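Quick notes on the structure that follows.
Number of protein chains: 2
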Amino acid sequence: MILTWAQHRLKVLSSNIVLKRLKSTNRHKLATSMSVQQPPWSPPKRQAEEQVLRVYNSLTKTKTEFVPTNGRHVKWYNCGPTVYDASHMGHARNYVTQDIIRRIMSDYFGYDVHFVMNVTDIDDKIIERARQNHLLDTFRSQTTTLSAGLINQVRDAWRIYVRERLSKGLPSDEKPLEGEEDAAFSHICDSIGNPDWKQECLKRDEKFDMHFSSARRCLNALQTAQLQLGTSNVGLDVTHQLIEDSRDILAISLDAQLKSTVTDPAISRNLAAYWEGKFFEEMARLKVREPDIVTRVTEYVPEIVAYVERIIQNGYAYEAEGSVYFDTLTFDGTNGHNYAKLEPWSKGNRELLEGGEGALSSRTGRRSPSDFALWKASKSGEPSWPSPWGPGRPGWHIECSVMASAIFGENLDIHSGGIDLAFPHHDNEMAQAEAYHNCSPWVNYFLHTGHLHIEGLKMSKSLKNFITIDEILQKFTPRQLRLAFLTQLWNSKVDFSESLMTGEVRNIETAMNNFFTNVKALVSQYRAEGTASDGLHHYESSERELISSLYRSQSAFRAALCDSFNTPAALDTLRDIVSRTNVYINSRGKALNVPVVENVARWVGEMLRVFGLGEGEKSQIGWGQAEEADANLNREEILTPYIRTLSSFRDGVRALAMAKNETSLKDILALSDKLRDVDLVPLGVALDDQEDGKALVKLVSPADLVKAREEKRLQAEAKAAKKSASVEAEHQKRLQKIERGRVSPKDMFKPPSVPEGTYGSWNEDGIPLTDGEGKELSKNQGKKVQKDWATQAKFHEDFLAWQKGG
Amino acid sequence: MILTWAQHRLKVLSSNIVLKRLKSTNRHKLATSMSVQQPPWSPPKRQAEEQVLRVYNSLTKTKTEFVPTNGRHVKWYNCGPTVYDASHMGHARNYVTQDIIRRIMSDYFGYDVHFVMNVTDIDDKIIERARQNHLLDTFRSQTTTLSAGLINQVRDAWRIYVRERLSKGLPSDEKPLEGEEDAAFSHICDSIGNPDWKQECLKRDEKFDMHFSSARRCLNALQTAQLQLGTSNVGLDVTHQLIEDSRDILAISLDAQLKSTVTDPAISRNLAAYWEGKFFEEMARLKVREPDIVTRVTEYVPEIVAYVERIIQNGYAYEAEGSVYFDTLTFDGTNGHNYAKLEPWSKGNRELLEGGEGALSSRTGRRSPSDFALWKASKSGEPSWPSPWGPGRPGWHIECSVMASAIFGENLDIHSGGIDLAFPHHDNEMAQAEAYHNCSPWVNYFLHTGHLHIEGLKMSKSLKNFITIDEILQKFTPRQLRLAFLTQLWNSKVDFSESLMTGEVRNIETAMNNFFTNVKALVSQYRAEGTASDGLHHYESSERELISSLYRSQSAFRAALCDSFNTPAALDTLRDIVSRTNVYINSRGKALNVPVVENVARWVGEMLRVFGLGEGEKSQIGWGQAEEADANLNREEILTPYIRTLSSFRDGVRALAMAKNETSLKDILALSDKLRDVDLVPLGVALDDQEDGKALVKLVSPADLVKAREEKRLQAEAKAAKKSASVEAEHQKRLQKIERGRVSPKDMFKPPSVPEGTYGSWNEDGIPLTDGEGKELSKNQGKKVQKDWATQAKFHEDFLAWQKGG
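Same order as they appear, the protein sequences are chains A and B. Its first residue numbered 228, the first sequence is counted upward by one per residue in the working numbering. Its first residue numbered 228, the second sequence is counted upward by one per residue in the working numbering.
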């Protein structure tokens, strides 16, 4: 349209010109008068359509154009961790990959991304783990002596474990009945050397090997304990060794017996808080950006109750036995709703459904097997919150529906998570939210990150290829790990293998490091030479060619990322331009155009930083060095923990001074000691109090200081132990002495203190007069019994005094 | 289309469902069998069209959509400096503003910008300046003794200067002829005190004042030299003082006589290299990013010759007297070409045209006055390069056409420069390039930065408001300067004024600094508290409101930048969200959601960094501190003063606690206040005591904190002074009242309290009965004295009480 208009204007103008040409004879005058207006302009034509971002959407299983509903604002909810154990490589794969996509969206495509993640801190796994830890800890602290009773208790637990857990992997005709456990186990020990047999067991139960290890360890511990008991070695050490070696088995048994006694909700909350803290620490090490908002389930329970009520009102859920279930059959097909949009083929898959419901869920009350819990009635030993249906707790899926709705309302642009969450978790989540909002669709794009395998196999504890993040970071840097994930598509399976890390990953890292080192050296030399000129511009065909390659790389890079964040292809683009630039550098000699090379290096470095591969976020050439990151601490980062310690010490002192208690001054001194002995130790500050009241301040390595304090503590403990041992010995001695005085001197020569018939008659004080045969005692005998009598009289006096309470 | 397809699929599916419903009676079975496929999906609808970038294009004088021809790749040529003097505020305005636009294009909109800038190192101004500097340096080194000959030589030069330069500003009837210079100058000295006369002169020649200063300085130097010569003081010092004070005048005179002797091309090249180096140094101080490629004219002369040859071949240029001129009249209108597309109304403007041609250009040989030089024949004393038309050098405009074509070929997306370059420079550049490539248009978007005025006036040396970058950076930081430019539209006039810098600029800077300091303190406290939870999610309506404001700000920010880089509007958006966040922080108390606040601060900081306002390019919250960049301190140096302060505070607390005085607790509190108000101030630590007893810790610039504490102290002093003044006034008032009671009522009507003879007789209480003449007091008089007596009796009572010590 604009073109047409411009063409029209051109015509009008042209005819004007012709008109004026006719009227005027002075050419120069003409030129002036005809040009009071600018000539028409039309917008440039694009040589090709602009690339648009397409993403692989699990709702279609295809790549579809990404269209945020509201400008550049992107509402994104990501399923976070269930916090009950250490994070592992599967977590790393999932969260680093999400982080890469998030960085590309915001740092490369310039979306205003609003990234919300939940922390699941109410969950059957958390409840069980916390309860078992708690029961085991209590049991350990109460059990200080090895006894036949303890051994029997452990043996019973072991037998149940063999019958109920280990036997899952056995052929059905080999599963032991009660009383057959020992024989069955010795049969397993004989058979397990046979790989085929073991393989069959693992097929039946992938945890078979893990169960076997636990059972064997426990049985060995039982045998050892039995021997110790025989030699009366029944102290704390041997007792706790037995408990430790049986912990997996004992925890299950204690939980089965005592779970209903565990009622303090802090027990699960504390476990969750601990592992949540650990999770975010690991994420920080992996350079995963913090979410914009973190939501915790424990903070949203009232909202969850209200949400469930509305779903019931809308007719998509029902109460049964104090629990509430989602009515999948009613929902599916009503008002255009579809249940299980992500994986309609998984509807009714019992194994997946049960996994989603949790180990502590009720097995009864559902109208259809595909219905799932929105609210679970809590049994005793399970934390609970009030609700119209009685005390209970949220089901897993409802948590995310509620929290995502609380932040984003009735529509999300993106929902992400690991592929194993697609069904039932995400399908149920969507059904709930759509049942609540009466909307469809609740989520526009579902991004699922692919599985992680280790050396070709699924990671599992029983396969002994289970790697925690902490373990992997001892072997590889966060950059190498991230590079490994970048070499794979985010939504396909990653096979994490030694050959990947030492092959492709190492190759890329080395190529980049060499390139950046080289370019930095060239640039530094060029700068040092100043603006000297040899009169040549050094921008010839080879420079033109290199710059063209750079443009093509930039375009190809964009194309790769537009193609559903194809990071392997994008990395290839970077590697390609790096190698072209290396060729250029090597070929160009003295005529090298350094700024052109610098441009390439800056761009490659920036793009690597987009992927989160940058260290020390400076605008330097390249992607920085991990080592520099420490040295590059800014003043603020260094100072903050120290100032914080100072301030909270002052807070404490002020609070005590203002309280004006009798013990305030004493408490202030105790706080001063704590500052020295506890707070400042991990900061590497040693305060040595001196006589003049001024402490000597030393700044040392925190590790050394911690070690020194630990040694001091151990010494003090040893001293205290020695002291308490000598006090105890003294005490025992005294007790023996007192015990010796229990018998009155009047009775000391009569049975049962002496054998029947030792003496015949006694005086009124109980001193014997005749022996058992009636014979008078000899003079010497008489003297001795009188002396003994006097001694005992004294002892007895002491005894009586002690008895009175001395 | 996709929608239609989706609707179609929906129909097919629905009919399938109906079919299956008919066939099946089992509802559950139906649900399973009908869902082996995912339900249809259609792309989300955008709530509004996506914003597109529009730029004010000088080729249309309107804002037009920016369409790069080749994907996201942007070919951008920017006119660089002519390097012969120090860079000034006009340069700062131009290059900082270009830098801002470039950063927005690449860092915000994500274009792959390829930014090329030239350095004009062949130019008549460079040639003249270099030659004059060279001749003056030679003259100075050869002239070591003061002599009558030297004085005469300087006086002759002075006379010529008065006749040829200074007289330009004089009325035509006052211009001196040869021999009249002394009289004329003394007339000027008399008249210059008259503002109207001087104003008229400046209208004739804006450099009049500058010429007058040079002439007066030189004349004074001549008189001094004459005296020194009389006393035979003829050494190097006085000689070089004369040369120095006459340098402007001598340089012109030496150049006029000796220019043809200056033949070494290195002389201009070295001057250019020196000022080019200085230019890039200043740009670095202003945080202007280096161009991707810098092109120098001296390195492109052969290409320029070839380019000119092609234009001649194409019929748009002709040779005359060893120079080559562009044939504007032939070009304009041939093959759809337009001459002067940017400013067609300036065609034939002689003043502008001559400015473009340079002081050393030939005045003859042009076919039309609007024709301009592509190649200039060099006279002796002017550097030259070989050409088919004899030794010469490039014209100014052709330089840019050739260098931009050398990098980008026959089309640029953007060409930029100061608005004063639009005509003739850019119009001529375009004409040349289109004549060379036979293309149209060569440039798609012309971006011209607006003028800079200082306190409302054009900057010029004669107006004494000429400010170099070095001078301005002694007064303001690069950040403040950049902020000043950001508060104005890039293409409008900037009035750089004291009130802008101390008003709006300071306000923005302070608001941002306070905001970031506050948020950092909150975040740091929040992190220190770990993942403790009170069970509430702290994401209520006020958080929802704040996050909505953030989205709206992000969208408004984008809209402002899409609206031709409207940085003032974009800054307003940032200020608005900052003040909303401050309101939120102040209103929310303990329920404050720190991550929400952190999100805002991070976004605001990032956007400020997009504008190039960031210091120390870390991904920290905020925009960094300039001071920190220098601080290459090691950990120990940084920490020691803080740890020392902590330790001595603890020493003090312990000493007081151990003393167990009555006032110990009070003294400890006083010590805590002193720590906050005195000890930590020079360390830049602000502790804000809060109600919950936990101080909020802020790490700020020590200078700011000292200043703030000083202000607080002065305020407190003023308040105390006011209070003590009012206490004193109260005291005085009381004293007066007491003083009034000093006389007993018995004596109050007797002398000396009343004049002798006022009354004649008194009763026993001293109340008058008769007046001085013995007449009894009237009833009224009697009442009055009794009332006065009663009043005084009360005052006297007070006095007696006070005397006793009340």
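C-beta: ideal position from N, C-alpha, C; glycine also. Fair warning: this is a prediction, and the values are worked out from it, not measured in the lab.
- Shown here for residue 696(B): same chain residues with a beta carbon closer than 8 Å to its own, the five before and five after excluded, namely 313, 314, 315, 316, 318, 319, 509, 512 and 513 in chain order.
- For a cut-off of 8 Å, the C-beta gap from residue 655(B) to residue 608(B) is around 26 Å, too long to register as a contact.
- In the DSSP assignment, residue 292(A) falls outside any alpha helix (DSSP H) and within the unbroken beta strand (DSSP E) covering 289-292.
- With a threshold of 16 other beta carbon atoms within 10 Å, residue 1030(B) falls short and is exposed.
- The secondary-structure analysis by DSSP pairs residue 678(B) with nothing; it has no beta-bridge partner.
- For residue 611(A), no chain B residue has a Cβ inside 9 Å of its Cβ, as the nearest lies near 14 Å away.
- Interface flag for residue 504(A) against chain B is set, since a Cβ pair is found closer than 8 Å.
- The segment 340-347 of chain A makes no contact with the segment 433-452 of chain A; the number of CB pairs closer than 8 Å stays below 3.
- From the listed residues 447(A), 459(A) and 489(A), the smallest Cα separation to residue 471(A) is found for 447(A).
- Between residue 840(B) and chain A, the shortest Cβ-Cβ separation is not below 8 Å.
- Excluding five sequence positions before and after residue 965(B), the CB atoms of its chain that fall closer than 7 Å to its own CB belong to 1025, 1026 and 1029, given in chain order.
- Judged by their CB atoms, residue 831(A) and residue 798(A) are not nearer to each other than the 8 Å cut-off.
- Out of 596(B), 619(B), 599(B) and 615(B), the CA that lies nearest to the CA of residue 606(B) is found in 619(B).
- For the 8 Å CB-CB criterion, residue 363(A) and residue 485(A) do not form a contact.
- For the C-beta of residue 602(B), not a single chain A residue is nearer than 8 Å; the gap to the nearest is close to 18 Å.
- DSSP places residue 764(B) in no beta strand (DSSP E); its state is neither H nor E.
- The beta carbon of residue 327(B) sits closer than 8 Å to the beta carbons of 709, 712, 713, 717, 792, 794, 838 and 839 from its chain, once the five residues preceding and following it are set aside; these are given in chain order.
- The three-state reading of DSSP puts residue 552(B) in strand, counting E and B together.
- Taking 4 residues as the shortest admissible run, the segment 489-572 of chain B contains the following complete alpha helix (DSSP H) segments, listed from N- to C-terminal end: 493-512, 528-540 and 555-558.
- For the pair residue 829(B) and residue 603(A), the Cα-to-Cα distance works out to about 40 Å.
- Using a CB distance cut-off of 8 Å, residue 704(B) does not count as an interface residue toward chain A.
- Taken in chain order, the unbroken stretches of beta strand (DSSP E) that lie wholly in the segment 944-993 of chain B and span 3 residues or more are 986-989.
- Residue pairing of residue 600(A) in beta bridges, as defined by DSSP: 552(A).
- Not a single C-beta of chain A is nearer than 8 Å to the C-beta of residue 315(B).
- Put simply, the CB of residue 908(A) is far from chain B, with every gap to its CB atoms at 8 Å or more.
- If you check the CB distance, residue 977(B) and residue 993(B) come in under 8 Å.
- Segment contact: the segment 383-402 of chain B against the segment 516-536 of chain B, fewer than three CB-CB distances shorter than 8 Å; contact not assigned.
- The C-beta of residue 568(A) comes closer than 8 Å to at least one C-beta of chain B.
- Taking C-beta atoms as the reference points, residue 281(A) and residue 290(A) count as a pair closer than 8 Å.
- At a cut-off of 8 Å between beta carbons, residue 896(B) contacts chain A.
- Where residue 422(B) is concerned, the enclosing alpha helix (DSSP H) starts and stops at 422-431.
- Cβ neighbours of residue 658(B) within its own chain (closer than 6 Å, five residues either side excluded): 558 and 566.
- Counting only Cβ-Cβ distances below 8 Å, residue 869(A) has contacts in chain B at 866, 869, 870 and 873, in chain order.
- In the structure shown, the three-state DSSP call for residue 397(A) is coil.
- Residue 641(A) is bridged by DSSP to 303(A) and 672(A).
- Distance from the Cα of residue 481(B) is smallest, within the candidate group 548(B), 424(B), 300(B) and 377(B), for 377(B).
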